[in-house]
Structure formats: structure tokens, C-alpha cells
Amino acid sequence: MIDVTTQRGRATTQFIVYGTIEQLRDRVRAIVDQDRRFRWRAGDNSRIILTTRPNWATWGETITLSFGAAGSTRTSVNVRAKPRLATTVLDWGQGARTIRFLYEQLTATTG
């Protein structure tokens, strides 16, 4: 289980996975294509921004994944989830659940 820090409805974590930045970008794109709750908003070589739809617990989230090389075959990933509604103080753990889901999906295919 990955350790996710949460504070005032915001969640963050950092981890390292096997694969290049390009491979992880492709995998994130595949996750977005397969899971209807995510929408791709922006992306470049070092960062991807996703959003989620509102649900019973939140008005939706903005998820930022930042990538950095951690060797020739590994990539450092910093993930931050924040509510789309700036005044949200409590997200009922939705941000942490979203981050854990992305972590599980990325490590399931990259090791």
C-alpha cells in the first residue's frame, strides 16, 4: 500500500516505477481511455493534468502527475489531487483513493 498524505481535501504522494517517461505517458493515456471517470486536460514531457467527474462525495478533482527520470529504466512520479471546487475542505478520502487507483494501475503494468 502506498502512503498518501492528505490535508484539507488535498492528497499527495511520490513513488518510483519501472519504465520511461514516454511509457508512463502512454499508460496514463490508456487508463484515461479505459476509465470514464477520468478526462485528459493537458500533458507534456514532464506533467499530465487529469480531471474527474463530480460524484456523491466531491465536485470532481484535478489530478496532476509530474514525472522525472530516476535512472535509465525508472521514473519518479509525483501525484497531487485537489478538489475542483477550491472551497472544498473535506473530500471524504476521494483524492487518496484516486491516487491509489492510479498507482495500482501504473505498477500493475510497469512493475
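When the letters of the sequence shown are read in order and numbered with the working numbering, they come out as residues -14 to 96.
Glycine included, every Cβ here is placed at the ideal spot set by N, Cα and C.
Keep in mind it's a predicted model, so treat the numbers as computed, not measured.
**OP:** Compute the distance between the beta-carbons of L9 and W44, then report whether it is under 7 Å.
**Re:** Inclusion of L9 and W44 in the CB contact set at 7 Å is not warranted, their separation being larger than that value.
Original post:
Looking at the unbroken beta strand (DSSP E) that takes in L70, where does it start and where does it end?
Top reply: Careful: L70 lies outside any beta strand (DSSP E) and carries neither H nor E.
Original post:
When the Cα of V(-11) is compared with those of I84, S51, W25 and T72, which residue comes out closest?
Top reply: When each option's Cα is compared against that of V(-11), the closest is I84.
Subject >> Within 7 Å, strictly: CB atoms of R26 and I34 >> reply: Yes.
**OP:** Give a yes or no on whether the C-beta atoms belonging to S51 and R32 are separated by under 7 Å.
**Re:** The answer is yes: Cβ separation under 7 Å.
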